[in-house]
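**Student:** The listed protein sequences correspond, in order, to chains W and F.
Going by the working numbering, 98 is the number at position 98 of the first sequence; the sequence numbering is gapless.
Going by the working numbering, 304 is the number at position 304 of the second sequence; the sequence numbering is gapless.
Virtual Cβ for every residue (Gly too), placed ideally from N, Cα, C.
This is the structure, below, for whatever I ask next.
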Amino acid sequence: MGFSEMPSVCFYFQVHQPLRLRHYTVFDNDHQYFDEYKNALICRKVANKCYLPANRLILDLIRRFDGRFKVAYSITGVLLEQLQLYSPEVLSTFDALAETGCVEFLGETYYHSLSFLYSRNEFVEQVNKHVGTVQRLFGQKPRVFRNTELIYNNDLGTLIESTGEFDAIITEGADHILGFRSPNFVYKPKGCKELKFLLKNYALSDDIAFRFSNRHWTEWPLTAEKFARWISNINGNGNVVNLFMDYETFGEHQWEDTGIFNFMRHLPGEVLKHPDNDFKTPSEVIRSYEVIDTVDVPHIISWADTERDLSAWLGNAMQSSAIHELYRLEKTIKQTNDESIISDWRQLQASDHFYYMCTKYFADGDVHKYFNPYDSPYDSYINFMNVLDNLQSRCARQIDGGEFLGLSQNKNPPSMQIVN
Amino acid sequence: MRLRQEGGSISVLMLGWEFPPFISGGLGTACYGLTKALDEVGIRVTFILPRMVESEYTTHVKILTPSSRASSKYYQIGKLRNVKFRTIESALQPYSTPEIYQQRLEEHLRQKRMIRSGRVSATNQLVGGLDYSGDMYNEVRRYAAIAAELAEDEQFDIVHAHDWMTYPAGVAVAATSGKPLVVHVHSTEFDRSGEHVNQVIYDVEREGMNEADRVIAVSHFTRSIIISRYGIGGDKVDVVYNGVERNGGWPLAKTGISKDEKIVLFLGRITMQKGPEYFLQAAKKVLEVVDNVKFVMAGSGDMMYRSIEMAAELGIGQKVLFTGFLRGEDVQKIYRMADLYVMPSVSEPFGIAPLEALDNNVPVIISKQSGVSEVLKHALKVDFWDVNEIANKVVAVLKYPPLGLTLRSHGNFEVRRLRWKDAAEGCARIYEEMLTAVSS
């Protein structure tokens, strides 16, 4: 194997915005759970600051380098629906990107959910829905899977392989699963025969996604030339550098005035200065490089915080009770056969709703604040539970003579109360 | 100029209105907590208090009765090594109004007349009085004059006055002694009276803040009132948050009262400032969706009877209990019974009670119009006027147990970080700066 060669660069961008809930009190009784105004506002704002300029830039780069610059996207169904409604021009630019043949679209859960942890049936349904949507919109069938928040364990690998729909799966290159090994190779998940493993190089990814504008960082300012040199330093110790990050890094997490767009504009040129260098999509990476080892992930990992675990979504009593109550309703919800009920239930599964309830870093008030519509995790939990309570009462009314279990010991469900 | 008394430790002459066990609200609690912590950081305090009645409460604290108008006796309280107390016999009471003062005074004189019956004529006592002057404003001035007199045989570096009744005394002592003055604003006339301020009290407050070298506000909420409503320059106004006295010793055992109903607690003076009507309106809404809950209003105040009537008018009379003013162990008992504490204050400079509630493992809903909401993260916050939202949050706590669980565990932890020691260090820093400014 050509270890002396420069590693390929594999970019994958996560593109997602949740449907935020409106302020919903125990006295509310309608079925308008989502804040259309706020969601439209944020969707358009992010479109103008990030999606549109970033898509234009990527399209320029692909054209300028004549197909030698390539990237991958994973766009959630929740966002695709919003773009269709509020910012259809973003969809056309994604379509233009798809047309270039240099862009790969990944598969994930349509609703950006944690369903893998709670309901395998629901999980598979959402993945199928997402794959179908991407195929319909962009004319390509996703062959690489990424789970919400890069959550992974061995069971997920086996489950994804058993669907026969995917060639590879993406997760975090967490230190404790790799040990002394480098994330810059193609691996095989333990328990899988054919499925390949692509692992995020979190150090280099986070240099762009988190540290880029940090003036206290010793490497600030980060230039394209410097970053290309760091990639070259891997020379001989890897086949591929997986740079996975939120697409909102461009223009939202890092504002335009930090120079993030300029950095990206110059990066491909710097990387491609060496004729051996290239950019590859995830599917190209697994076709080009051999598997060098098996990686065992017995315990669940994610890409969040320093813990790389589930504590950002399920770390406190409110979060775990909310998500348990939500999935406990699955059967009841599906029995209604009511599309709007099922869709509302699924939108409530977005991991963001549980992220807003996180108390872990609340006292320091930091990263978890991005477009968080709530003043506190407590407000977020109260709102979510009030909506869920109402959703449940809707099911109860739908199902004729069905046995109905209340969310709580409350004798008077709010649905039967005077609306104020 | 000689700066310090005895080898570097700062001496403070403190002027207050109340001190445990003679308290009716947060000011006494705050003075106690602060003084105790100042004692621990080695600052010497002489505390001058107005006092009229003798103790009818038996506590661990021994207070000696002053024998003359301006008592020359000192007494010590508990374990406070560097603190001594002097009292001025006076009918001054915190949270009072001129009208209430008049009532109290007449009552007191009547008692005295009965004691001295036959020896002193009634008219002589009522008009002008020998020991007490006719109205509260004059009494504030008289307190100032006596405090200045008392201060003459005291050694101190700083004069520290707590709230408006002692500001004239602070100004007088500072003027006669030449020592710098700091006034500590625990509340303003705007908190107590809304927009209907008493002009005389406002003037006393503004003069005190103007004359002071430094002003201490108990929150940024109060600091901005001091700047915007009293026209005080921001550079001399600092924020020093209150702390909470932890009651680690209290056992968490059951009170022996079995309850199948949830209890939502209001604890504080029942006055306009504390928003009792919002509590009751929210209670009414809560009762529309939850049945097994009782609302307890613990405290007294000029809106208590109005609140009792209002509960009846709202048709929730049987669901609202009034306990009257609670003290000491009774406060602990009521906290231990409560499932939720609500403080819907219209304007709350700080608000120590929510911290005590959290210390007793009771989750809290606090008004955003409060200083304490600046320091508490793990609390539910509402606008005092948003009755719907108060009710929404009360219902949520009662209905979704993980909410109370999370609020309790994080809140109790958070409260441990709010210590009087930090408040004392904040004051000490300001004292140091004042003394440096004087010497330069």
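1) Please classify W/W217 as buried or exposed, where buried requires at least 16 other C-beta atoms within 10 Å of its C-beta.
2) What does the alpha-carbon distance come out to for the pair F/A188 and W/S320?
3) Using a Cβ-Cβ distance under 9 angstroms, would W/A396 count as near chain F?
4) Does DSSP put F/T176 in a helix, in a strand, or in coil?
5) Looking at the secondary structure, which residues open and close the beta strand (DSSP E) in which F/R214 lies?
6) Return helix, strand or coil for W/C10, following the three-state DSSP convention.
7) Going by DSSP in three states, W/R143 sits in which element: helix, strand or coil?
8) Beta carbon of W/S213: closer than 8 angstroms to some heavy atom of the ligand SAH?
9) Can you tell which of W/A203, W/F138, W/L57 and W/C102 has its C-alpha closest to the C-alpha of W/F69?
10) Tell me which same chain residues have a C-beta within less than 7 angstroms of the C-beta of F/V127, skipping the five on either side of it?
11) Give me, in chain order, the residues of the same chain whose beta-carbon lies closer than 8 angstroms to that of W/T93; leave out the 5 immediate sequence neighbours on both sides.
12) Output needed for W/D278: all residues of its chain with C-beta closer than 7 angstroms, excluding positions within five of it in sequence on either side, in chain order.
13) At a CB-CB cut-off below 8 angstroms, which residues of chain F make contact with W/D375?
14) Let me know the alpha helix (DSSP H) ranges lying completely inside the segment 217-249 of chain F, each 4 residues or longer, listed in chain order.
15) Report yes if the CB atom of W/W303 is closer than 9 angstroms to the CB atom of W/T171, and no otherwise.
16) Measuring CA to CA, which of F/G178, F/G268 and F/D135 is closest to F/R327?
17) Is there a Cβ from chain W that is less than 9 angstroms from the Cβ of F/K285?
18) Are the C-beta of F/I430 and some C-beta of chain W separated by less than 9 angstroms?
19) Since W/M6 meets chain F, which of its residues come closer than 7 angstroms, beta carbon to beta carbon?
20) Mind listing the chain F neighbours of W/F180? Cutoff is C-beta to C-beta under 7 angstroms, in chain order.
21) Compare the C-beta of W/Y378 with all C-beta atoms of chain F and state if any pair is closer than 9 angstroms.
22) Spatial neighbours of W/N153 within its chain, please: CB distance less than 6 angstroms, with the 5 preceding and 5 following residues excluded, ordered by chain position.
23) What do you reckon, are the CB atoms on F/D153 and F/V264 nearer than 9 angstroms?
24) Quick one: complete alpha helix (DSSP H) runs, 4+ long, within the segment 64-125 of chain W?
25) For F/E425 and W/L85, I'd like the C-alpha separation in whole angstroms.
26) Using a Cβ-Cβ distance cut-off of 9 angstroms, determine whether W/I382 contacts chain F.
27) How big is the Cα-Cα spacing for W/L156 and W/E108?
28) Hey, is W/F354's beta-carbon within less than 9 angstroms of any beta-carbon in chain F?
29) Between F/Y278 and chain W, is any beta-carbon pair separated by less than 9 angstroms?
30) Could you round the C-beta distance between W/T359 and F/N392 to whole angstroms and report it? I think they count as a contact, below 8 angstroms.
31) Could you tell me the boundaries of the beta strand (DSSP E) in which F/G351 lies?
32) With 9 angstroms as the threshold, decide whether the Cβ of F/L405 is near any Cβ in chain W.
33) If you measure beta-carbon to beta-carbon, which residues of the segment 257-278 of chain W are closer than 9 angstroms to chain F?
34) So, using beta-carbon positions, are W/P165 and W/R143 closer together than 9 angstroms?
35) Buried or exposed, going by whether 16 or more other CB atoms sit within 10 Å of the CB of F/S228?
36) Going along chain F, which residues have a C-beta under 7 angstroms from W/D316?
**Tutor:** The answer reads as follows:
1) exposed
2) Note that residue 188 of chain F corresponds to Thr in the displayed sequence, not to Ala. When rounded, the distance between both Cα atoms is 44 angstroms.
3) no
4) helix
5) R214 to A217
6) strand
7) Three-state result, W/R143: coil.
8) With respect to small molecules bound, the structure shown includes none, and the ligand SAH cannot be examined in it.
9) Of the candidates W/A203, W/F138, W/L57 and W/C102, the one whose C-alpha sits nearest the C-alpha of W/F69 is W/C102.
10) Here F/V127 scores only 33 on pLDDT, less than 50, and its place in the model is too uncertain to base an answer on.
11) When the five nearest sequence neighbours on each side are left out, the beta carbons in the same chain lying within less than 8 angstroms of the beta carbon of W/T93 are those of Y51, L52, N55, R56 and L59, in order along the chain.
12) S8 and R68
13) K381
14) For the segment 217-249 of chain F, whole alpha helix (DSSP H) runs of length 4 or above, ordered along the chain, are 220-230.
15) yes
16) Comparing Cα-Cα distances from F/R327 to each of F/G178, F/G268 and F/D135, the minimum goes to F/G268.
17) yes
18) no
19) The premise fails here: W/M6 is roughly 49 angstroms from chain F at the closest Cβ pair, so nothing lies under 7 angstroms.
20) Residues of chain F passing the Cβ test: none, with the nearest at roughly 38 angstroms.
21) Yes, W/Y378 lies at the interface with chain F (some Cβ there is under 9 angstroms from its Cβ).
22) V297 and I300
23) no
24) 77-86 and 88-99
25) 57 angstroms
26) By this cut-off, W/I382 is an interface position.
27) Cα-Cα distance, rounded: 12 angstroms.
28) Not one chain F Cβ lies under 9 angstroms of W/F354.
29) no
30) The Cβ separation is near 20 angstroms, so there is no contact.
31) First-last for F/G351: undefined, no H or E at that position.
32) Chain W, which has a Cβ nearer than 9 angstroms to the Cβ of F/L405, makes this yes.
33) none
34) Sequence check: residue 165 of chain W is Glu here, not Pro. Cβ atoms of W/E165 and W/R143: closer than 9 angstroms.
35) With fewer than 16 other CB atoms across the displayed protein chains lying within 10 angstroms of its CB, F/S228 is exposed.
36) This sequence places Asn at residue 316 of chain W; Asp is not what is there. Result: T406.
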